[in-house]
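Structure record follows, encoded as structure tokens.
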Amino acid sequence: MQTDAEELVSKLRGAIKAIGNHLSQIDCIHLQALEATIPHKAPAESAEMVTLLLIYRKMENPTGRMENRKQTRPS
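Read in order, the letters of the sequence shown correspond to residues 7 to 81 in my numbering.
Structure, rendered in structure tokens:
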């Protein structure tokens, strides 16, 4: 049972990464058009909500770089 769950989580991570990689190749205008087609009241943890979050992340940081973000560690 544990192996099945681990395999499922691994496949889910792979799918999310594949979606993120695909979205990284789309320009902002097309991302906005895609975002408009997805229900904004999508249930939490649904594929639609995950996709919306990836779209928002890409629109906020189109280069995908972390250079401008300050990374702080709690003391």
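For every residue, glycine included, the Cβ atom is placed at its ideal position computed from N, Cα and C.
A distance of 8 Å or more separates the beta carbons of Glu-54 and Ile-61.
For the set Gly-26, Asp-10, Gln-8, the Cα lying nearest the Cα of Pro-68 is the one of Gly-26. Here the alpha carbon of Ser-30 sits roughly 27 Å from the alpha carbon of Glu-12. Between the alpha carbons of Val-15 and Ala-39 lies a gap of roughly 30 Å. Annotation: the continuous alpha helix (DSSP H) that includes Glu-41 extends over 34-43.
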